[in-house]
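Mapping to the UniProt record's numbering: the sequence shown position 185 is 185, numbers consecutive.
Heads up, the beta-carbon is just placed ideally off N, CA and C, and yes, glycines get one too.
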Amino acid sequence: MTDPVKSPSTHQIRKIIHIDMDAFYASVEQRDNPELRGLPVAVGGSEARGVIAAASYEARTFGVHSAMPSVTAKRKCPDLIFVRPRFDVYKSISAQIREIFAEYTPLVEPVSLDEAYLDVSENLKQMTIATEIALEIRQKIKAVTGLNASAGISYNKFLAKMASDLNKPNGQAVITPKSGPGFVAGLPVKKFHGVGPATAEKMHRLGIATGADLREREIEFLVRHFGKSGLYFYGIARGIDERPVKPDRVRKSVGAEDTFAHDIHAYQAATENLTPLIAKVWRYCEANRITGKTITLKVRYSDFTQITRARSTVRGFQSPEEIEETVGVLLEAVFPVRKGIRLLGVTLSSLEPQVAGSTEQLQLTL
């Protein structure tokens, strides 16, 4: 197989910025309620089956993080303050931030309400230094919203994303074309953006623990073990990522899945592990004012065989409880199991916008 990955020196080097708001939902709540400042705050429900949507940095010091069950978070931090999410507010602030991005470049790819990629190789301000653009954008975000943002600057999306985590919170870092391959070489693969727990575990079984280990593997080996993702891994192991910033990205589905350290055999355990996945999917829907008509349950067994079960509704799912009820019915159909379950996932598809002020009427974007 010929090497399909070009060195960054063989083409015009891009200037990519990844902007990531610091503890966005929690920071908004602390901004709007001074009594919460300096305290451990979790955005999400405090009830028995609640899930954390975001945690302030004060809460993170106790090990509290997003997607964690609320009961676990409360156990880790008894003084944790729960705040109900206000997605209308978060979406409004996100729109303000995107207006700032638009002052610099039309090439903006939002990833979620609180993060985005910007290609500033050619920008509207005619600024030549990407680090100065990132600093100016962060200062404007602070002035307009009162919130802190971190930034990563590099020559591709993968490294810009990795760089934005280096000096959090309220900082920025740059990874240059010269330092990119060396940075990746010393990085544990479990910290690679795009490498989840299951993939990291598989890499470790294959003797791949760091970027340097990954780089030693031939492209045929990676494709054989990881399919089309093998091409991507081959590139990023060399600090190369050809993906462009796509401002018009349209999402066709939203999903979440989890691989378990120990196989699941009981229906109740499976249900409990699906709850945070459903919550994660619904947070995205709430934040983007969308719903979906089809929910799909994915079950992967200990021998890596996999099944999917789906169910659709005409009007679209209107709440996480509706999804949970439907997924519960789909799950019941696969029990009792003859072999352990190593992975569960849920995906909502046939996405469409939800009409403002109504949970009953939906319309398609024309």
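{"Query": "Inter-stretch contact at 8 Å, needing at least 3 Cβ pairs: the segment 81 to 97 / the segment 19 to 31", "Result": "yes"}
{"Query": "Bridge-paired residues (DSSP) for Gly44", "Result": "Ile52"}
{"Query": "Nearest to Arg300 (by Cα), restricted to the options Pro320, Ile341 and Gly316", "Result": "Ile341"}
{"Query": "Local conformation of His204 per DSSP, three classes", "Result": "helix"}
{"Query": "Lys228 in three-state terms, based on DSSP", "Result": "coil"}
{"Query": "Alpha-carbon to alpha-carbon, Phe192 and residue 368", "Result": "Outside the shown range of the chain (1 to 366) lies residue 368, about which nothing can therefore be said."}
{"Query": "Buried versus exposed call for Gly207 [16 or more other C-beta atoms within 10 Å across all chains shown]", "Result": "exposed"}
{"Query": "Counted within 10 angstroms of its Cβ, other Cβ atoms place Gly194 as buried (16 or more) or exposed", "Result": "exposed"}
{"Query": "Distance, Arg138 Cα to Asn123 Cα", "Result": "16 Å"}
{"Query": "DSSP-derived helix/strand/coil call for Arg215", "Result": "helix"}
{"Query": "Residue 390: first and last residue of the uninterrupted beta strand (DSSP E) it sits in", "Result": "Residue 390 cannot be examined here, being either before or after the span of the chain that is shown, 1 to 366."}
{"Query": "Assigned exposure category for Asp79 - 16 Cβ within 10 Å defines buried", "Result": "exposed"}
{"Query": "Nearest-angstrom Cα separation, counted from Thr296 out to residue 368", "Result": "This structure leaves residue 368 out entirely; the chain is present only between 1 and 366."}
{"Query": "Short CB-CB distance (under 8 Å) between Ala261 and chain C", "Result": "Looking at the structure shown, chain C is missing, and only one protein chain is on hand."}
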